[in-house]
Each structure stands twice: as C-alpha cells, then as structure tokens.
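S.K.: Residue numbers (my numbering): 3 to 57. Quick reminder that beta carbons are idealized off the backbone N, C-alpha and C, glycines included. If you're wondering where the values come from, they're calculated on a predicted model, not measured in any experiment. This structure is in structure tokens; I'll ask about it shortly.
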C-alpha cells in the first residue's frame with residue numbers, strides 16, 4: 003500500500019526508495035507509477051477535448 007502511494011506521488015525517486023525498503027513495496031511503487039502514467043495519457047486528451055466544447 004505504501005509503495006503504491008510512493009510510486010504515484012514521487013515517481014522515480016519514490017520508486018527507488020520503496021525498492022530499497024522492501025521488494026514488494028518497490029513492485030507496488032512501479033505499478034502505481036505505470037498506472038498513473040497510462041491514466042494521464044488517456045484521460046488528459048479526453049479532458050482537453052471536453053473543455054474545448056465549452057470554448
């Protein structure tokens with residue numbers, strides 16, 4: 003749980019730190035960082051398109 007939050011919030015440095023604390027925390031941090039990137043890549047363009055409708 004803590005590793006996932008570190009991965010989402012701190013990116014590379016948090017993931018690196020989580021890996022040094024415990025391998026499972028590092029795995030969750032990597033998962034969190036990856037999911038955060040994918041979610042941003044999918045949702046941000048959709049949000050921009052939705053906001054352009056109100057222009």
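Exposed or buried, what is residue 35 when buried is set at 16 or more other beta-carbons lying within 10 Å of its beta-carbon?
M.R.: buried
S.K.: One question on the structure: do residue 6 and residue 30 come within less than 8 Å of each other, judged by their Cβ atoms?
M.R.: Cβ atoms of residue 6 and residue 30: closer than 8 Å.
S.K.: Contact check, residue 16 vs residue 8 under 8 Å by CB: the rounded distance?
M.R.: 4 Å
S.K.: Helix, strand or coil for residue 6? Go by DSSP, reduced to three states.
M.R.: Secondary structure at residue 6: helix, using DSSP grouped into helix, strand and coil.
S.K.: Cβ of residue 34 less than 8 Å from any chain C Cβ?
M.R.: Given the protein chain composition of this structure (a single chain), no chain C is represented.
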